[in-house]
Amino acid sequence: MSVESKGPAAAGEGATAEPHILELRIHGVRDTPPWDILGVGREDVIKVAGDNLGSFWILKKAANVDGPPPQFGSEVPKSIRREAYSWGSMARYAPTPGANLLGKSAAVIRRVGWLMMLPFALCNAAYWMRPLARAHKTTGGGRNPVADRGWRDGSDGGIVRVFGLFLTLFLAASATAASVDLMGNQCIRTGRVCSTLPGLFDGLASMDQPQRNVILTLLPLAMLMVIYALSVLGRVRFSANVAAHPGGDWLPAGTTASAESAKPDYPLLKTPGFWHSPMMPRATEMLHLAGAGALITAMLAWDSLYSPVPGCRNLSTFFTAQCGAGFSQALVGQAHPAVARSAIAGRPDSFTVLLVALALLAVVTCRILFSVTGNADVAAPRKRAGSAGRAGGRGELWWAATLLAAVAALGLANAAMLWIGPDRMAAESVSGPQKPEFLGVFWTPGLLILVMVGMSISGLGWRRGAGTAASLVLFGGAAACFIGGAVIMKTTANRTEPAILFAVTVLLLAGLALHLFRKRKGRNHQHEGWHGTGPGLVMIIAVGVAVALGSVLVVGTANFLNGRLSLTGGTASGVVWRTVDGGSAAVSAAAPAVREVPVYDQYGLALLFTVVVVGLVLMVAMFRQLRGPLVVLSTPDPTTMPAQGTEAGKYPQGRPAPSSPPLGNVARLVLEGRRTAGLLHRVEHTLSWLGGTFLVGLLGSLAWSVFQPSISEGGTATGAIWTQQMSSVVLGLAAVALVGGIVVSAAASSVRPAGVLWDLMCFLPNAAHPLGPPCYAERVIPELGARIEEWLDSEDGATSHRKVVISAHSLGGVLAVACLFARQAEHKDLSHIGLMTYGCQLRAYFGRFFPELFGPAALGTPGSEGASLWAADPWQKQVDQDFSSTPGTAADNHPQSLANLLTTPPDGVPRWINLWRRTDFIGFPVKSYGRNEIDRGADELDVSSYMLTLATHSGYPSSRAYPSAMVELLMRMDEPGN
10 MSVESKGPAA AGEGATAEPH ILELRIHGVR DTPPWDILGV GREDVIKVAG
60 DNLGSFWILK KAANVDGPPP QFGSEVPKSI RREAYSWGSM ARYAPTPGAN
110 LLGKSAAVIR RVGWLMMLPF ALCNAAYWMR PLARAHKTTG GGRNPVADRG
160 WRDGSDGGIV RVFGLFLTLF LAASATAASV DLMGNQCIRT GRVCSTLPGL
210 FDGLASMDQP QRNVILTLLP LAMLMVIYAL SVLGRVRFSA NVAAHPGGDW
260 LPAGTTASAE SAKPDYPLLK TPGFWHSPMM PRATEMLHLA GAGALITAML
310 AWDSLYSPVP GCRNLSTFFT AQCGAGFSQA LVGQAHPAVA RSAIAGRPDS
360 FTVLLVALAL LAVVTCRILF SVTGNADVAA PRKRAGSAGR AGGRGELWWA
410 ATLLAAVAAL GLANAAMLWI GPDRMAAESV SGPQKPEFLG VFWTPGLLIL
460 VMVGMSISGL GWRRGAGTAA SLVLFGGAAA CFIGGAVIMK TTANRTEPAI
510 LFAVTVLLLA GLALHLFRKR KGRNHQHEGW HGTGPGLVMI IAVGVAVALG
560 SVLVVGTANF LNGRLSLTGG TASGVVWRTV DGGSAAVSAA APAVREVPVY
610 DQYGLALLFT VVVVGLVLMV AMFRQLRGPL VVLSTPDPTT MPAQGTEAGK
660 YPQGRPAPSS PPLGNVARLV LEGRRTAGLL HRVEHTLSWL GGTFLVGLLG
710 SLAWSVFQPS ISEGGTATGA IWTQQMSSVV LGLAAVALVG GIVVSAAASS
760 VRPAGVLWDL MCFLPNAAHP LGPPCYAERV IPELGARIEE WLDSEDGATS
810 HRKVVISAHS LGGVLAVACL FARQAEHKDL SHIGLMTYGC QLRAYFGRFF
860 PELFGPAALG TPGSEGASLW AADPWQKQVD QDFSSTPGTA ADNHPQSLAN
910 LLTTPPDGVP RWINLWRRTD FIGFPVKSYG RNEIDRGADE LDVSSYMLTL
960 ATHSGYPSSR AYPSAMVELL MRMDEPGN
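The working numbering applies: residue 10 is where the sequence shown begins, and numbers increase by one.
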């Protein structure tokens, strides 16, 4: 990548001097176009390097201004080369092979796949929220295994990766429920097909039920492969064309680092190879696919084993000799023919497949739990103590390939048995009716949800010092007692034992809450998101979103098959069987209603509960603010701020108290803008309420699915439940909304849906889920570093006169910080680099949510408490603390913090300035609301517009504060004449 030949002096007119300062502007979310970044029209810019994903742009017209202009918009001083770096397409990159052939269908499939990745992205965020450097000391000079394995695999990393595996398993189970259960078992019978199914499925009516099951299990496997393909094809990495630049020392070396090199240290973003090394090895991808295959095989075997036997589909009658719940029952059934023959004795082949599949799934889980992440795929072999063996990623890759091959072989063997072998149990039941439900999915989704909720609840205490094992034991005990009490209530008339078990459940849950949330000596979580419960909260939200998507898929499919939804719009009624005979089809009798697995059909009410509660809380908070008087929120009137000079935008030492002064039109516009922005600052509380209601809804759905009336052997409900009907309506409407949104967006755009979400969630490397959305920063950071190094590494080798000012907006500030840490990790000089950020969330959000990555020790700035949900000024408490504390310098912090790295002795002032304003809905100070050496106020009115316009999150470079801040920053960089 070389952009020197296309600089302003070459591309523009009137240039007489070579600029020596590179002002590199980086946009934030929303994929701001490069011409908007540079403040000009589209026709006034030219791309000088890059491709359709990442590119560098400059102005066509050369610099012709001797000094700083009134606004740093379209005019550029002669000493400055202004470039815009565009990266937003990477976060929205969604390629589809064969898109030209498949057309809009490919776009719809692609968007569904990206939507299914949302829980995986949340899982990865939880991985980075956990405590990353909690290595305990050892005694006696021994080695610390936690520290040796590094922060990548440190405390609770394995739990998050197993959690990610269970998300994959739940997606596979949901797709299997929709395809095999609803379509293959309930809507297709021998010789008959539901009239709502397209004619494409008529051929399945000529097959036996086990054969249909085998065919339709290809659909969930195909869904996983589509998601996997989207994840792989969307990965972006920076690989400079070294052939075009021989001898280019500025090119990034692309160093890699194994997990062993990532020792706990601050800042963790300084880890060598952080952005060059894939943290999710290829072995983990194979393990997830192997786990999903093992689960689907186990569900097929379970259905073949238990479905033909009466009573094995209900919890109240499952633990009987006839169902053969254990090996002893199987032996009884074989030894005593007079006894009713058990399911296990009748199908030993299916029982064997079930055991092997579950064993393989357990091995996959253990490999993911205990394996070390990191770029170990290319690790050199080494000798182990006492024996020779493969090490690192090669060993992991061998294990994963072996497990995947074993699962594939088992799946093919099971498919062959189901395809060729007769259903002996069904043959013995001469008068028994065909069993309509696929029993393989009857228990699976609920068990997966229960395990994921347990892991999520344990995550609530990771940052708070609560032991994971104790949390899991308490939750597991409570769940076992509750299920045991429910089984006894449904099978006997005894009410004493269930009452005791339910009381024990309550006590265990109370003990779990005390274990998670009690204050521990030496721990303070006021500067951490959600008081230190962030990892578990995000995991709960991930489970809630995953179950919502799975429920919409399953219930939406059921509603379509029942005729409540139509592909052509509206509803259809009177669903009948379509008799298929010799390739012809004719309408016959009415078909029975298709029924969903209980866990899915109850989650609609939980989803409705979540929406209603969160909506009411936000409405009450908004109503309180809008009814109250307009107040001055922590900043002076913008008309009193100096417009030019080094004092521009600096807030005075004092701060006006909240009041209701007489307001003119301009002041009212500004204060109303501050109030609106303050309403949006309450995002942390919104997520906490969302997670809490998701948790209540998940537990409630699981509990109600245990207590609700069972489905009878004939496939009809023993009692009509209004909650099921209402839940089905809610999920059906959600399915219509999602499908409609996906189709419309696919027709209008080719990028990922909800691009802003991917901007925020795909910043950090994918280290928890291999099928998750790829990390765009793995290209952005090295690409930015290469451009900076190219500029500083001039041809004559004299770099002292060249400087770089990184001008970053919003999320671009986070990328800029990561780029500087990456440069420091390569032991490269930062003394010629200055940082200008504006509208960023480093302290208020990223520092609180990811403390080890962007917290006080990493940035070198004080921590921040969270916003208040009810106060007129959501940051009033933090403002009071900032103004009451003694102002200090940024150098008073960790020696390797960003502020310290950007500070040149002896003045102790960092080469970092941050602009913010109260009317910005996601922009905050990075050090303090009080006067300090980094934060500067920006205009709250857009001075560049023709009409009176409120300035919010964008437009910082066109403000009056920007050129003054740039002058001050250049003075700190010892740049004369500015």
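A virtual CB, placed ideally from N, CA and C, is assigned to each residue, including glycine.
Leaving aside the five residues before and after V416 along the sequence, list all residues of the same chain whose C-beta is less than 6 Å from its C-beta, in chain order. A299, G302, A303, L369
S204 versus L213 - alpha carbon distance: 14 Å
Residue span of the alpha helix (DSSP H) that contains R170, given as start and end: 166 to 185
Range of the contiguous alpha helix (DSSP H) that encloses E787: 786 to 801
Which runs of the alpha helix (DSSP H) fall wholly inside the stretch 25 to 60 and span at least 4 residues, in chain order? 43 to 46
Cα separation between S719 and I550? With a pLDDT of 46 at S719, under the threshold of 50, the predicted position of this residue should be treated as unreliable, though the coordinate-derived value follows. Each residue's Cα considered, the two are about 29 Å apart.
Quick one: Cα of V626 to Cα of L314, how far? 49 Å
Anticipated Cβ contact below 8 Å, M125 with Y785, distance rounded: Contact flag wrong, Cβ pair sits at about 19 Å.
State the Cα-Cα distance for the pair L911 and I815, rounded to the nearest angstrom. 12 Å
Give every residue of the same chain whose Cβ lies closer than 7 Å to the Cβ of V547, excluding the five residues on either side of it in the sequence, and list them in chain order. L131, A134, A135, M138
Anyone know if the C-beta pair for G864 and G872 falls short of 8 Å? yes
Check whether the stretch 874 to 894 and the stretch 837 to 849 touch, using three or more Cβ-Cβ pairs below 8 Å as the test. no
Just verifying my parser: in three-state terms, what is the DSSP assignment at I931? coil
If I measure Cβ to Cβ from A615 and keep anything under 7 Å in the same chain, skipping five residues before and after, which residues do I get? G706, L707, G709, S710
Is it the case that the stretch 475 to 483 contacts the stretch 498 to 511, given that we only count it when at least three CB pairs across the two stretches are under 8 Å? no
By a C-beta neighbour count over all protein chains shown, 10 Å radius and 16 as the cutoff for buried, is K279 buried or exposed? buried
Would you please state the rounded distance, in angstroms, between the beta carbons of G843 and R981? I believe it to be under 8 Å. 7 Å
Name the one or two DSSP bridge partners that G404 has. G404 pairs with nothing; no bridge assigned.
Between which two residues does the beta strand (DSSP E) harbouring G946 extend? 944 to 946
If you draw a straight line from the alpha carbon of L978 to that of R940, how long is it in whole angstroms? 16 Å
How about W96 and V789: do their beta carbons lie closer than 8 Å? yes
From S560, T542, D312, residue whose alpha carbon lies closest to that of A187: S560
Between V517 and the rest of its own chain, which residues show a CB-CB distance below 6 Å, the 5 nearest in sequence each way excluded? For clarity, residue 517 is Leu in the given sequence; the question names Val instead. Same-chain partners within the cutoff: L483, G486, A487.
G843 in three-state terms, based on DSSP: strand
If you scan the stretch 832 to 887 from start to end, which runs of the beta strand (DSSP E) of 3 or more residues do you find wholly inside it? 842 to 847
With C-beta atoms as the reference, is S697 less than 8 Å away from P607? no
Host alpha helix (DSSP H) of C203 (start-end): No alpha helix (DSSP H) contains C203, which is instead part of the beta strand (DSSP E) from 201 to 203.
Inter-residue CB distance, R201 and V589 (contact presumed, cutoff 8 Å): 7 Å
Mind checking E405: buried by the 16 CB within 10 Å criterion, or exposed? buried
State the DSSP-derived secondary structure class of S816, mapped to helix, strand or coil. strand
DSSP has Y94 in a bridge; who is on the other side? I35, F65
What is the residue span of the alpha helix (DSSP H) that N923 lies within? Per DSSP, N923 belongs to no alpha helix (DSSP H); it is in the beta strand (DSSP E), 921 to 925.
Quick check: the stretch 845 to 854 against the stretch 912 to 930, are there 3 or more CB pairs under 8 Å? yes
Report buried or exposed for R532, applying the criterion of at least 16 other Cβ atoms within 10 angstroms of its Cβ. exposed
Which class does W586 belong to by DSSP, given the choice of helix, strand or coil? strand
Find the nearest neighbour of G613 within the set G553, V585, A602, judged by alpha-carbon distance. G553
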